[in-house]
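Enquirer: Residue numbers (the UniProt record's numbering): 1 to 488.
Virtual Cβ for every residue (Gly too), placed ideally from N, Cα, C.
A quick note: this is a predicted structure, and the numbers were derived from the prediction, not measured.
My questions all concern the structure below.
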Ligand SMILES: Cc1cc2nc3c(=O)[nH]c(=O)nc-3n(C[C@H](O)[C@H](O)[C@H](O)COP(=O)(O)OP(=O)(O)OC[C@H]3O[C@@H](n4cnc5c(N)ncnc54)[C@H](O)[C@@H]3O)c2cc1C
Ligand SMILES: *[C@@H]1O[C@H](CO)[C@@H](O)[C@H](O)[C@H]1NC(C)=O
Ligand SMILES: *[C@@H]1O[C@H](CO)[C@@H](O)[C@H](O)[C@H]1NC(C)=O
Ligand SMILES: *[C@@H]1O[C@H](CO)[C@@H](O)[C@H](O)[C@H]1NC(C)=O
Ligand SMILES: *[C@@H]1O[C@H](CO)[C@@H](O)[C@H](O)[C@H]1NC(C)=O
Ligand SMILES: *[C@@H]1O[C@H](CO)[C@@H](O)[C@H](O)[C@H]1NC(C)=O
Ligand SMILES: *[C@@H]1O[C@H](CO)[C@@H](O)[C@H](O)[C@H]1NC(C)=O
Ligand SMILES: *[C@@H]1O[C@H](CO)[C@@H](O)[C@H](O)[C@H]1NC(C)=O
Ligand SMILES: *[C@@H]1O[C@H](CO)[C@@H](O)[C@H](O)[C@H]1NC(C)=O
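Printed below as a string of structure tokens:
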């Protein structure tokens, strides 16, 4: 009672000060280096020059953006934003899609575009990059050096952004998660300090950022272990297009790989409703890091299904992503669409569950003509990732055993469909979870919708130590818009 009376005048004050948009040029301008740039949404060059987000669904709202030019600038921005109580989010590739960003309102985007350097030491087998480089930026120089590093399959995703939550992709069977290759980072902490984190320096922080990294600061540069290019960087890439009627047979083949997917082979299924034919179709993209004669036999069961369309090529690694899914994957770079993303991890394939969902998806798309979503299944061998001790990083305790990552990319233009899409997704995710082979819900963090809660994002085993570290390094919760780790 007393408390609420005392708070009343304060609430009035807070409301008034929030109503006036802070002048970010005045607050930050004088303290930044000459190379830093400030952008206001009213400027014509805002959408052109500032990194835009892949999805507008539950997106953060910004009063402006700053492109720091130096590490010093980042320290200044973090410190001044904190003291002026302006929320902020660092942006690498802009592909973060969790609904937890909706809590960042009237904030500033710290656009890391200037942190774009790539330096490879072929002798030491290391690569150091700036905090904003994307998968597509590192593949050509690594290939030219005869090296490789696991990446994801969407070219425009930020390498560091992906690493901080895990990093899955088609080299993971050979080299593990992307974060398993991380050697050290330079980080601006919530208190505005610059620190190095590695297994020998700030080791607790290094443990935390490998799984929950976006909660602990801004990575200005990151150094990775790199590897000799497998098969000289020549990769086998095959695509199969199947009619919806073949879906059960495809899921049966997926099931047959549950315990036998070779480390060098990965499979991705893309399922969607074709607006022209008004029927479901299913693309399977197979990638094999090795010679053709070695890879082809693994695909015999797909070949026997008489696909509507097939291709199979050997490509140089830099051309791999463009070759996948008959070239459709490159569209993952389009920004500003309304995409409502859900995900789940599975330890085993249940053919009935897949078949039911696939058929329900067709009915859903038929009933809602505005809906153009796709259902993606990523299959990577968990061999190398599972060989790394689960407690050596904060990545979800059991998640190294996930053998199929489901990603539901619900695309539509009319937000009035939100309710029905979310109900369909909640039901479907629960159906898949019941037959997942896991007793609890397990999801690769970066594929999580954002409604699952911290025990699911970080696992019951890793959440308590993460919360301890959060209280130590970010007690004011400045970095709590990306799957926030609660304080201890
Ligand atoms: C189409 C699509 C395809 C995808 N494919 C894959 C895939 O193949 N493999 C995979 O592992 N993941 C994949 N993802 C998920 C992806 O890893 C995450 O969305 C990741 O967070 C994106 O990082 P970003 O830098 O592109 O995004 P952003 O939105 O810029 O950043 C995401 C989060 O990371 C933080 N962040 C980014 N850079 C830094 C930094 N330098 N320091 C501190 N914090 C930082 C941001 O503040 C934000 O909270 C995909 C996502 C999409 C939308
Ligand atoms: C914001 O501050 C800048 C620099 O101090 C000033 O030039 C500008 O007029 C201010 N803008 C507004 C809207 O007050
Ligand atoms: C963007 O446009 C504003 C004027 O609208 C201009 O002052 C500013 O210099 C431009 N910035 C860049 C980086 O071009
Ligand atoms: C936003 O923050 C509030 C308060 O911490 C929390 O209860 C809510 O779940 C958050 N919303 C999302 C979508 O994460
Ligand atoms: C590359 O690494 C080697 C071995 O660690 C080291 O001797 C060399 O100085 C490094 N080269 C550069 C350019 O940093
Ligand atoms: C999926 O396969 C099942 C079993 O063969 C079939 O009954 C169903 O119609 C298929 N779904 C679609 C959308 O074609
Ligand atoms: C839909 O089907 C038509 C006719 O078979 C085909 O030409 C087109 O490429 C398909 N569209 C997509 C997005 O796959
Ligand atoms: C594929 O085609 C071959 C040759 O026409 C045929 O023998 C086989 O039964 C077909 N398989 C399927 C699954 O339709
Ligand atoms: C991993 O950590 C959890 C709790 O954080 C602990 O219960 C478990 O014993 C640890 N396992 C190993 C193998 O160290």
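To which residues of the same chain is residue 412 closer than 6 Å at the C-beta, ignoring the five residues directly before and after it?
Expert: Contacts found: 370 and 371.
Enquirer: Just confirm the distance between the C-beta atoms of residue 236 and residue 290, as a whole number of angstroms; I'd bet it's less than 8 Å.
Expert: About 7 Å; that satisfies the 8 Å criterion.
Enquirer: By alpha-carbon positions, which one of 221, 242 and 423 ends up nearest to residue 492?
Expert: Residue 492 falls outside the range modelled here, since the chain spans only 1 to 488, and no answer is possible.
Enquirer: Could you tell me which whole alpha helix (DSSP H) segments of length 4 or greater appear in the region 390-458?
Expert: Correct list: 418-434.
Enquirer: Alpha carbon to alpha carbon, how far is residue 168 from residue 33? Give it in angstroms, no decimals.
Expert: Cα-Cα distance, rounded: 36 Å.
Enquirer: Whole angstroms is fine: what's the gap from residue 315's alpha carbon to residue 285's?
Expert: Going by the C-alpha atoms only, they are around 14 Å apart.
Enquirer: Between the region 290-310 and the region 128-144, do three or more beta carbon pairs fall short of 8 Å?
Expert: The answer is no - the region 128-144 does not touch the region 290-310, with fewer than three Cβ pairs under 8 Å.
Enquirer: Pick helix, strand or coil for residue 38, following the three-state DSSP scheme.
Expert: Correct three-state label for residue 38: strand.
Enquirer: Pick from 179, 349 and 31: whose alpha carbon is nearest that of residue 385?
Expert: Out of 179, 349 and 31, 179 has the C-alpha closest to the C-alpha of residue 385.
Enquirer: Three-state secondary structure (DSSP) at residue 371?
Expert: In the structure shown, residue 371 sits in coil (DSSP, three-state: anything other than H, G, I, E or B).
Enquirer: Taking the CB atoms as reference points, tell me whether residue 341 and residue 409 lie closer together than 7 Å.
Expert: Their beta carbons are under 7 Å apart, which means residue 341 touches residue 409 by this criterion.
Enquirer: Report buried or exposed for residue 201, applying the criterion of at least 16 other Cβ atoms within 10 angstroms of its Cβ.
Expert: Residue 201 comes out exposed.
Enquirer: Do the region 231-247 and the region 332-351 touch if we need at least three Cβ pairs shorter than 8 Å?
Expert: Touching, no, given that fewer than three Cβ pairs across the two stretches are closer than 8 Å.
Enquirer: Quick one: complete alpha helix (DSSP H) runs, 4+ long, within the region 296-344?
Expert: Within the region 296-344, the complete alpha helix (DSSP H) runs of at least 4 residues are 300-303 and 320-323.
Enquirer: Please report the Cβ distance between residue 353 and residue 431, rounded to the nearest whole angstrom; I am assuming they are in contact, meaning their Cβ atoms lie under 8 Å.
Expert: Residue 353 to residue 431, Cβ: 6 Å. Contact.
Enquirer: Figure out for me which residue from 161, 212 and 209 has the closest Cα to the Cα of residue 90.
Expert: The shortest C-alpha separation from residue 90 is found at 161.
Enquirer: Using 7 Å as the threshold, is the C-beta distance between residue 98 and residue 450 below it?
Expert: For residue 98 and residue 450, yes; Cβs fall inside 7 Å.
Enquirer: Rounded C-beta distance between residue 282 and residue 250? I'm assuming under 8 Å.
Expert: At roughly 6 Å, the Cβ-Cβ gap stays under 8 Å, so residue 282 and residue 250 are in contact.
Enquirer: On the criterion of 16 or more Cβ atoms from any shown chain inside 10 Å, does residue 221 qualify as buried, or is it exposed?
Expert: Residue 221 is buried by the Cβ-count criterion.
Enquirer: Closer than 6 Å to a non-hydrogen atom of ligand 2 - does that hold for the CB of residue 25?
Expert: Yes; taking the cut-off as 6 Å, the Cβ of residue 25 has a heavy atom of ligand 2 nearer than that.
Enquirer: Check each residue's C-beta against every heavy atom of ligand 6 and list, in chain order, those closer than 6 Å.
Expert: Listed by chain position, these are 244, 245, 247, 248, 280, 355, 358, 359 and 362.
Enquirer: Can residue 208 and residue 466 be called in contact, C-beta distance under 7 Å?
Expert: Cβ atoms of residue 208 and residue 466: closer than 7 Å.
Enquirer: Which two residues bound the contiguous alpha helix (DSSP H) that contains residue 240?
Expert: Here residue 240 belongs to no alpha helix (DSSP H); instead the beta strand (DSSP E) covers 234-243.
Enquirer: List the endpoints of the continuous alpha helix (DSSP H) containing residue 163.
Expert: That run of the alpha helix (DSSP H) goes 159-165.
Enquirer: Given a cut-off of 7 Å on the beta-carbon distance, is the pair residue 217 and residue 188 in contact?
Expert: Yes; because the gap between Cβ atoms is below 7 Å, this pair is in contact.
Enquirer: Going by DSSP in three states, residue 468 sits in which element: helix, strand or coil?
Expert: Helix.
Enquirer: Distance, Cα to Cα, residue 115 vs residue 172?
Expert: Each residue's alpha carbon lies about 26 Å from the other.
Enquirer: Looking at the structure shown, is residue 203 part of a helix, part of a strand, or coil, going by DSSP?
Expert: Note: residue 203 maps to helix in three-state DSSP.
Enquirer: Among residues of its own chain, excluding the 5 on either side of residue 490, which ones have a beta-carbon nearer than 6 Å to its beta-carbon?
Expert: This structure does not reach residue 490, given that the chain is present from 1 up to 488, and the question cannot be answered.
Enquirer: Count the C-beta pairs between the region 435-446 and the region 389-404 that are closer than 8 Å, then say yes if the count reaches three, no if not.
Expert: Contact between the region 435-446 and the region 389-404 is present, because at least three Cβ pairs lie under 8 Å.
Enquirer: Sorted by chain position, which residues of the same chain lie with C-beta nearer than 8 Å to residue 61's C-beta, five sequence neighbours on each side aside?
Expert: Contacts found: 104, 105, 106 and 107.
Enquirer: Counting only runs that start and end within the region 242-282, where is the beta strand (DSSP E) found for 3 or more residues in a row?
Expert: DSSP runs (the beta strand (DSSP E)) wholly in the region 242-282: 265-274.
Enquirer: Within 10 angstroms of its Cβ, does residue 470 collect 16 or more other Cβ (buried), or is it exposed?
Expert: With 16 or more other Cβ atoms within 10 Å, it is buried.
Enquirer: Using three-state DSSP, classify residue 64 as helix, strand or coil.
Expert: Strand.
Enquirer: Can you tell me whether residue 199 is buried or exposed? The criterion is at least 16 other CB atoms within 10 Å of its CB, across all chains shown.
Expert: It counts as exposed.
Enquirer: State the beta-bridge partners of residue 130 as determined by DSSP.
Expert: BP columns for residue 130 point to 221.
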